[in-house]
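The structure under discussion appears below in the form of structure tokens.
In the numbering used here, the protein residues as written are 2 to 172.
What follows is the structure, encoded as structure tokens:
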């Protein structure tokens, strides 16, 4: 298993989510007979709007779910980095304690070992912060959902817009 697969690269789950996004079922407008009643036309329009809204919700779920997963993986690296930074605090304190004992007259060099451990833990914390930043930068906006909702705003009338003369919007 590669690092890319292990830490949220183009894994099978990402590929499946991408396939899910592009596979939302939509259908073309159903041609109505010329003598269709207003009730039939309203029913067809309501069904099509309902299908459109459900499809928008499915697109948002699929696209946002993938980004939430990537963000969660990135935040795990920040948590690991915080643990290493916390662990580095104790050797640092012990190093100062041994350094003070050296200054006070004991001729030991024990504090160097504590300093080395402290620096190594900080390096590990830095590595995990770098990986966490890298993973967080991979989180993208749900572009398809935003674009689709913008198009939906053009199609579905808003209640804040005035109705054209002679027409009223149903509430």
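Note that CB positions come from ideal geometry on N, CA and C, so glycine has one too.
Report task. With DSSP as the reference, label residue 37 as helix, strand or coil. Result -> As a first step, residue 37 is located in the chain shown; it is residue number 36 there, counting from the start. Looking at residue 37 - three-state DSSP - the assignment turns out to be coil, as it is neither helix nor strand.
**Report entry** Simplified DSSP assignment, three categories, for residue 48
**Finding:** Position 47 of the chain shown, counting from 1, holds the residue named residue 48. Secondary structure of residue 48 (DSSP, three-state): helix.
Query raised in the report: So what does DSSP say about residue 143, is it helix, strand or coil?
Result: Numbered from its first residue, the chain shown carries residue 143 at position 142. In this structure, residue 143 counts as coil in the three-state DSSP scheme.
Report task. Counting only the same chain and skipping the five closest in sequence on each side, list residues whose C-beta sits under 7 angstroms from that of residue 78. Result -> As a position in the chain shown, residue 78 is number 77, starting the count at 1. Cβ within range, chain order: 129, 132, 133, 136.
Query raised in the report: Using the beta-carbon count (16 or more within 10 Å), is residue 89 buried or exposed?
Result: For the purposes of this step, residue 89 is identified with residue 88 of the chain shown, where counting begins at 1. The residue in question, residue 89, is buried, as its Cβ has 16 or more Cβ neighbours within 10 Å.
Query raised in the report: Assuming residue 72 contacts residue 150 under a Cβ cut-off of 8 angstroms, what Cβ separation, rounded to an integer in Å, is found between them?
Result: The count along the chain shown starts at 1 and reaches residue 72 at position 71. The count along the chain shown starts at 1 and reaches residue 150 at position 149. With a Cβ gap of about 21 angstroms, residue 72 and residue 150 do not count as contacting.
Query raised in the report: Considering only C-alpha positions, which residue in the set 84, 42, 74, 65 is nearest to residue 126?
Result: Here residue 126 refers to the residue found at position 125 of the chain shown. The residue with the shortest Cα to Cα distance from residue 126 is 84.
Report task. May I have the straight-line CA-CA distance separating residue 63 from residue 121, to the nearest angstrom? Result -> Position 62 of the chain shown holds residue 63. Position 120 of the chain shown holds residue 121. Spanning the two alpha carbons is a distance of roughly 41 angstroms.
**Report entry** Residue of 86, 138, 103 minimising C-alpha distance to residue 118
**Finding:** Here residue 118 corresponds to residue number 117 of the chain shown, with the count starting at 1. Per the Cα distances, 86.
Query raised in the report: Quick one: Cα of residue 76 to Cα of residue 95, how far?
Result: The residue labelled residue 76 in the question sits at position 75 within the chain shown. The residue labelled residue 95 in the question sits at position 94 within the chain shown. Looking at the backbone, the Cα of residue 76 and that of residue 95 are separated by about 30 angstroms.
Report task. Pick helix, strand or coil for residue 156, following the three-state DSSP scheme. Result -> As a working note, residue 156 is residue 155 in the chain shown. If DSSP states are grouped into helix, strand and coil, residue 156 belongs with the helices.
Query raised in the report: Should residue 82 be labelled buried (16 or more other beta-carbon atoms within 10 Å of its own) or exposed?
Result: In the chain shown, counting from the first residue as 1, residue 82 sits at position 81. With 16 or more other Cβ atoms within 10 Å, it is buried.
Query raised in the report: Which residue's Cα is closest to the Cα of residue 74: 157, 142, 138, 154?
Result: Looking up residue 74 in the chain shown gives position 73. Residue 138 is the option with its Cα nearest to residue 74.
Query raised in the report: Which residues in the same chain have their Cβ closer than 7 angstroms to the Cβ of residue 115, if we skip the five residues on either side of it in sequence?
Result: Looking up residue 115 in the chain shown gives position 114. Cβ neighbours of residue 115 beyond the five flanking positions: 92, 95, 96, 99.
**Report entry** C-beta contact flag for residue 53 and residue 153 at 8 angstroms
**Finding:** Here residue 53 refers to the residue found at position 52 of the chain shown. Here residue 153 refers to the residue found at position 152 of the chain shown. Yes, Cβ-Cβ distance for residue 53 and residue 153 is below 8 angstroms.
Query - Uninterrupted alpha helix (DSSP H) stretches inside the segment 53-122 (no shorter than 4 residues) - result: Whole alpha helix (DSSP H) segments, 4+ residues: zero.
Report task. Pick out whichever of 49, 103, 65 has its Cα sitting closest to the Cα of residue 156. Result -> Working through the chain shown from its first residue, we reach residue 156 at position 155. Ranking 49, 103, 65 by CA distance to the CA of residue 156 puts 49 first.
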